[in-house]
Amino acid sequence: MKAIVITSPGAPEVLQLKEVEDPEIKDDQVLIKVAAAAINRADTLQRQGKYPPPKGDSEYPGLECSGTVEAVGKDVKRWKIGDEVCALIGGGGYAEKVAVPEGQVLPVPPGVSLQDAASFPEVACTVWSTIFMMSHLSSGETLLVHGGSSGIGTFAIQIAKYYGARVFVTAGSEEKLAACKDLGAEVGINYKSEDFVSRVKAETGGKGVDVILDNIGGPYFQRNLDCLNIGGRLFIIGFMGGTQTQVNLSALLARRLTVQAAGLRSRTKENKAEIVSEVEKKVWPAITAGKVKPVVYKYLPLGEAAEAHKLMESSQHIGKIILTV
707 MKAIVITSPG APEVLQLKEV EDPEIKDDQV LIKVAAAAIN RADTLQRQGK YPPPKGDSEY
767 PGLECSGTVE AVGKDVKRWK IGDEVCALIG GGGYAEKVAV PEGQVLPVPP GVSLQDAASF
827 PEVACTVWST IFMMSHLSSG ETLLVHGGSS GIGTFAIQIA KYYGARVFVT AGSEEKLAAC
887 KDLGAEVGIN YKSEDFVSRV KAETGGKGVD VILDNIGGPY FQRNLDCLNI GGRLFIIGFM
947 GGTQTQVNLS ALLARRLTVQ AAGLRSRTKE NKAEIVSEVE KKVWPAITAG KVKPVVYKYL
1007 PLGEAAEAHK LMESSQHIGK IILTV
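Quick note: the sequence shown, position 270, residue 976 per the working numbering, numbers continuous.
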């Protein structure tokens, strides 16, 4: 098969389309003939040598894909050859074929194209596991999403609104804020021209928001604490701004705040299967109903993975970037 190989850690140009060995499937795995794979920020870190795949997962980049089941292991019960599916994977999406544990495979939601289905598994599992399963966002609460126009952000806005939350976002341009509002964000804050803490306080009568989903890390840590409501929950999923900070911890005590952080890729296959099962039960109905839609900025062929990474790192996109196979 052909796959995108990281020839050495470095700039996007190190991504090269090469002939490689087909993956071998284990007894509990399905072999997917890939139709599309979505780009994630984590892929750019892997390309730079900063985020290696977990032991046993494919060395090729790509954390989510869609396609058709081509073969099944002897212990696989649910899937059969020919099924159209999408999947959460530890690596290997940027390829013509990928082997995936049965529990990390999802049906393509009705009404969604096979290619667009690749845009859902990673963002749906990330958002559902963090702000719903762990931070328990509920109807009537407020959610602040940093980077509202990202793949994670555009999905989080829609699913949080579907479940009755009031959504605030930060983004770096008026165009991006307008796109977020079209998806259901109630309050948009341009972080380049406005202090998000002051705006959050003004919009909530001084109370603050209940849950924050943050991918910036260190530079936002104190400000995130400053704009949480009593009983508020901060969930960190990335460190785009860095990992170091100084913090005044008194707010944690005074307002009974919770700080959590988690990645998805390094979880066990059992834990991933649990999340995927929850996503199918709780998120797929919203997609089927047309209340959560794929937000795709651009489609590029597999061989142009380097261009896709350049686009991702430019942060000009709104929503997902998809490689078609």
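Quick reminder that beta carbons are idealized off the backbone N, C-alpha and C, glycines included.
Taking residue i and residue j to be in contact with their CB atoms under 8 Å, please state how far apart those CB atoms are, rounded to whole angstroms.
| i | j | result |
| --- | --- | --- |
| I795 | L769 | 6 Å |
| V873 | A891 | 5 Å |
| M1018 | T750 | 6 Å |
| K786 | V775 | 7 Å |
| L688 | L849 | This structure cannot settle anything about residue 688, because the visible part of the chain is limited to 707 through 1031. |
| V998 | Y868 | 6 Å |
| Q752 | P758 | 7 Å |
| Y800 | A1011 | 6 Å |
| A992 | I865 | 6 Å |
| K708 | L723 | 6 Å |
| G1025 | G857 | 6 Å |
| V989 | W834 | 6 Å |
| R682 | S841 | With the chain covering only 707 through 1031, there is no way to say anything about residue 682. |
| T974 | Y1005 | That belief does not hold up - the Cβ atoms of T974 and Y1005 are roughly 33 Å apart, past 8 Å. |
For residue i, report the span of its beta strand (DSSP E) as first-last.
| i | result |
| --- | --- |
| K708 | 708-712 |
| P1007 | 1002-1007 |
| T949 | Note, T949: premise wrong, no beta strand (DSSP E); not H, not E. |
| K732 | Where K732 is concerned, there is no enclosing beta strand (DSSP E), given that its DSSP letter is neither H nor E. |
| L1029 | 1026-1030 |
Taking residue i as part of the alpha helix (DSSP H), name the residues at either end of that continuous run.
| i | result |
| --- | --- |
| L931 | 927-932 |
| K975 | 975-988 |
| T832 | 827-833 |
With DSSP collapsed to three states, give me the class of residue i.
| i | result |
| --- | --- |
| G958 | The amino acid occupying residue 958 in the given sequence is Leu; Gly does not appear at that position. It is helical. |
| E725 | strand |
| P813 | strand |
| A805 | strand |
| F941 | strand |
| A995 | coil |
| A1011 | helix |
| L1017 | helix |
| A968 | coil |
| I922 | coil |
| I837 | helix |
Is residue i near the ligand ADP, judged by its Cβ being under 6 Å from some heavy atom?
| i | result |
| --- | --- |
| R961 | Among the components of this structure there are no ligands whatsoever, and the ligand ADP is therefore not found. |
Are the C-beta atoms of residue i and some chain D residue less than 7 Å apart?
| i | result |
| --- | --- |
| V1001 | Chain labels in this structure do not include chain D; a single protein chain is all it has. |
Discussion item. At 4 residues or longer, what runs of the alpha helix (DSSP H) sit wholly inside the stretch 740-794?
Written reply: Along the length of the stretch 740-794, whole alpha helix (DSSP H) runs at least 4 residues long occupy 747-753, reported in chain order.
Worksheet item: For the stretch 842-918, which segments carrying the beta strand (DSSP E) assignment without a break, of at least 3 residues, lie completely within its bounds, in sequence order?
Response: 848-852, 872-877, 893-896
Discussion item. Using 8 Å as the cut-off, can you tell me whether the stretch 866-881 makes contact with the stretch 892-911, which would need three or more C-beta pairs spanning the two stretches below that distance?
Written reply: yes
Item to complete: Give a yes or no on contact between the stretch 799-808 and the stretch 731-741, applying the rule of three or more CB pairs nearer than 8 Å.
Response: yes
Discussion item. Does the stretch 921-929 come into contact with the stretch 937-947, if we say contact requires no fewer than three beta-carbon pairs (one atom in each stretch) closer than 8 Å?
Written reply: Yes, they touch.
Worksheet item: How about the stretch 900-917 and the stretch 812-832: do they share at least three Cβ pairs that are nearer than 8 Å?
Response: no
Discussion item. For the pair the stretch 948-965 and the stretch 739-747, tell me if three or more CB-CB distances fall below 8 Å.
Written reply: No: fewer than three Cβ pairs fall under 8 Å.
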